[in-house]
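Heads up, the sequence shown is in this note's numbering, so the first residue is 16 and it goes up one at a time.
Backbone N, C-alpha and C define an ideal beta-carbon position, used for all residues, glycine too.
Please read all numbers here as calculations on a predicted model, not as lab measurements.
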Amino acid sequence: MAYYNVCSNCGAYLDPGEKCDCEDEKQKDMFAGLIRVNPKTGQMAFCIGEEKAYVEKTAC
């Protein structure tokens with residue numbers, strides 16, 4: 016007889032004692048959208064609200 020748990024958020028089947036990382040993935044995606052990188056220096060900027068990061072615009 017197999018024993019498993021089901022995540023109430025995403026429906027994943029988990030081993031006994033295993034913690035689902037679906038909430039962690041959502042947070043990673045949210046933070047990834049807030050980080051900008053200056054292509055010249057590699058400097059990372061964390062943008063919150065209306066602040067703009069060091070983003071260089073290049074013509075195609």
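Linking Glu40 to Cys62 through their CA atoms gives a straight-line distance of about 19 Å.
Residue pairing for Phe61: DSSP places it in a beta bridge opposite Ile50.
Under DSSP, Tyr18 forms no beta bridge with any residue. Apart from the 5 residues on each side of it in sequence, Pro31 sits with its Cβ closer than 8 Å to the Cβ of Tyr18, Tyr19 and Asn20 in its chain, given in chain order. The Cβ atoms of Cys35 and Ala27 sit closer than 7 Å to each other.
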